[in-house]
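Visitor: Numbering (the working numbering), first residue to last: 463 to 899.
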Amino acid sequence: MKRILGLLFLLGQFVHSFAQYSVDGTVYAYPVSASSGIQAVYIANGLSAITISYTADNGKSIHWYSYKQSLADKVPVNPSLVNAANNGSTTTYSISAPEDATGYLVEEDGALKATLWMMDYSKHLPKLNSITATASTDCSSKSVTLAVDKSDKVTYFGVSGVEYSLNLQYKLRYGRQAWDATANAFVSSSVMSDWQTVGSSLVLAAPLTDTKFTLSGDKIADYLGIAQSITSALYEEKFTETHIVASQTPHSADNEVGGSTTDELGGSAPAEISFKGYANEPVAAYYAWTIYKKKDLKNWIARYNDKSVTYTFNEAGDYIVYLTTTNASSTCQDTASVEFSISESFLDLPNYFTPNASPGENDEYKVAYKSLVSFKATIFNRWGNKLYEWTDPSKGWDGKYHGNYVTPGVYFVVIEAKGSDGVQYKKARDINILTTP
């Protein structure tokens, strides 16, 4: 026999056709198991307005049969229930208001045709009793188990007497919070699942917020306009989810080696880094920050109990920063972390520059450096007179004394500095000023 051909809309009613069969009325065509020997299961909300028909060429011997459990118990349909309508060269044999939970088939000239199973769903509607949400005892799993109590075994019988169950599907609706990395925020939304098979239990990712769970359906009942639903008691969330967004105050000096001019954390000291903590509030009630050097995770460097902190890293090394969030009852917590490195120090002194010779090109005396946490530089002339002093390694000397450019020649610089790695620098050298106006 041919499989289902389609669903046609005719005069406000649905007409399903299988070869010479047709079913008139609002019905749900359930995709049956091929092993059942049934062409289709038709399900309606009441069968009083449903008509099943078979069309054959004139002159054919047509008899309708019905069965409850198998073809072995088939019985003829009372001829008074069959309406015959001549269409010219064909005749249509129809049965109105077929019986519930019954298979129907036609015998044409002694040969049995395909079987249709008819069902009044109002008599088999699943019963949804309760739904209970329970959080996992393991805080790291962040999962919720829904215990579903329902009675939804709906069956039909194949031609050989084998009983088959309908695979009923339901939708689940609940509220949740989810992290939006683009917005750097937790966003609340209502979740509606696709149609899905639901057993006695269902495991979900934690919604991260207090919510109720509503199970509705099933899909067949929804199609027929008789869907029902069951809603859980309020589920009180206990799991927290933690995120860190870190940003660093950039170093823009052109003479700093490995300064933080990109989005990467760390680099040259001193590194001022701001850490912002985010969690699924109001479930998350407490925030705790801990800063460690990775080589010594037993002894913290700093601790804070704020949502956001800013810390300046002055020492070279590899760091890890933890943020732990905890719920109000302190029964569950979650931790996020960020890692980065502060580089070792470096200091190099050039031996010449050309103030005011080529504006913008080597017209200021600057050291090359990285990760210096203290700095002092002093310029002297050949007679030992101090001409200039500065304490910011990103700055320099423009070759002037009392507002005027000094004469070309040899000068001296003395520098005392301390690196993030603890290295003490004491350097002195000559500086050659090559040209001045």
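By construction, the Cβ of each residue, glycine as well, lies at the ideal position given by its N, Cα and C atoms.
Helix, strand or coil for residue 587 per DSSP?
Guide: Residue 587 falls in the coil class under three-state DSSP.
Visitor: Report buried or exposed for residue 821, applying the criterion of at least 16 other Cβ atoms within 10 angstroms of its Cβ.
Guide: Residue 821 comes out exposed.
Visitor: In the structure shown, what three-state DSSP assignment does residue 683 receive?
Guide: Helix at residue 683.
Visitor: Tell me where the beta strand (DSSP E) around residue 431 begins and ends.
Guide: With the chain covering only 463 through 899, there is no way to say anything about residue 431.
Visitor: Are at least three pairs of beta-carbons, each pair with one atom in the segment 643-658 and one in the segment 551-563, less than 8 Å apart?
Guide: The segment 643-658 vs the segment 551-563: no contact.
Visitor: Please report how far the alpha carbon of residue 645 lies from the alpha carbon of residue 598, in whole angstroms.
Guide: One C-alpha to the other measures close to 29 Å.
Visitor: Measure the C-alpha to C-alpha separation of residue 763 and residue 637 and round it to an integer number of angstroms.
Guide: Going from the Cα of residue 763 to the Cα of residue 637 covers about 40 Å.
Visitor: If I measure Cβ to Cβ from residue 579 and keep anything under 6 Å in the same chain, skipping five residues before and after, which residues do I get?
Guide: These residues qualify, in order along the chain: 500, 503, 565 and 618.
Visitor: In chain order, which continuous runs of the beta strand (DSSP E) of length 3 or greater are located wholly inside the segment 808-836?
Guide: Complete beta strand (DSSP E) runs here, min 3: 808-810 and 830-832.
Visitor: Among 864, 889 and 600, which one has its Cα closest to the Cα of residue 839?
Guide: When only C-alpha atoms are compared, the closest one is 889.
Visitor: Within the same chain, show all residues whose beta-carbon is closer than 7 Å to that of residue 585, passing over the 5 residues directly before and after it, in chain order.
Guide: Closer than 7 Å at the Cβ level, and outside the excluded window around residue 585, lie 562.
Visitor: Could you give the first and the last residue of the continuous beta strand (DSSP E) run that contains residue 893?
Guide: Per DSSP, residue 893 belongs to the beta strand (DSSP E) from 886-895.
Visitor: Note down the Cα distance separating residue 727 from residue 713, rounded to an integer number of angstroms.
Guide: C-alpha separation (whole angstroms): 12 Å.
Visitor: So, using beta-carbon positions, are residue 514 and residue 556 closer together than 8 Å?
Guide: Contact flag set, yes.
Visitor: Here's the rule: buried if 16 or more other CB atoms are within 10 angstroms of the residue's CB, otherwise exposed. What is residue 482?
Guide: Buried.
Visitor: Does the Cβ of residue 625 have 16 or more other Cβ atoms within 10 Å, making it buried, or fewer, making it exposed?
Guide: Classification for residue 625: exposed.
Visitor: Would you mind sorting residue 473 into buried or exposed? The rule is 16 or more other CB atoms within 10 Å of its CB.
Guide: Note that residue 473 scores 27 on pLDDT, short of 50, meaning its location in the model is unreliable; the coordinates nonetheless yield the value given after this. It is exposed - the Cβ of residue 473 has fewer than 16 other Cβ atoms within 10 Å.
Visitor: With a 10 Å radius around its C-beta and 16 neighbouring C-beta atoms as the bar for buried, classify residue 705 as buried or exposed.
Guide: The residue is buried, with at least 16 neighbouring Cβ atoms inside 10 Å.
Visitor: Leaving out the 5 sequence neighbours to the left and right, which residues in its chain are closer than 6 Å to residue 707 when beta-carbon positions are compared?
Guide: Once the five neighbours on either side are set aside, the close Cβ partners of residue 707 are 646 and 738.
Visitor: Counting only runs of 4+ residues fully inside the segment 492-537, write out the alpha helix (DSSP H) ranges in chain order.
Guide: Qualifying alpha helix (DSSP H) stretches: none in this window.
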